[in-house]
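Here the sequence shown is numbered in UniProt numbering, starting from 1 and rising by one per residue.
Beta carbons: idealized from backbone N, C-alpha and C, even for Gly.
Only a predicted model underlies this, so the values are computations on that prediction, with no experimental measurement involved.
In what follows, a single structure is set out as structure tokens and then discussed.
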Amino acid sequence: GSRHDGMRIIIPPRKCPAPTRITCRLAKRHRLAYPPPMVEGEGLVSRLVEMGPAGAQFLG
Numbered sequence: 001g002s003r004h005d006g007m008r009i010i011i012p013p014r015k016c017p018a019p020t021r022i023t024c025r026l027a028k029r030h031r032l033a034y035p036p037p038m039v040e041g042e043g044l045v046s047r048l049v050e051m052g053p054a055g056a057q058f059l060g
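Here's what the structure looks like:
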């Protein structure tokens, strides 16, 4: 993968069980397994940020 400037994800200390690798990527809506629900007339203004691992839970 590649890194993009301008985006920062901050996870506070002790809010995620260690060790955990957090991934994020820019995704296109039509390539997502579960795209966000949208009603008629709605549209996206940008690509989506998909974060993993799937099912990860934060503490607190």
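For residue i and residue j, what's the separation of their Cα atoms in angstroms?
i: Glu40; j: Gly55; result: 29 Å
i: Arg8; j: Pro19; result: 19 Å
i: Lys28; j: Pro35; result: 9 Å
i: Gly6; j: Ser46; result: 14 Å
i: Cys16; j: Ala33; result: 25 Å
i: Phe58; j: His30; result: 28 Å
i: Gly43; j: Pro12; result: 32 Å
Quick check on residue i: does DSSP put it in helix, strand or coil?
i: Arg14; result: coil
i: Pro25; result: In the sequence under discussion, the amino acid at residue 25 is Arg, which differs from the Pro named in the question. In the structure shown, Arg25 sits in a strand (DSSP, three-state: E or B).
Meets three-Cβ-pair contact criterion under 8 Å: the region 19–39 and the region 48–59: yes
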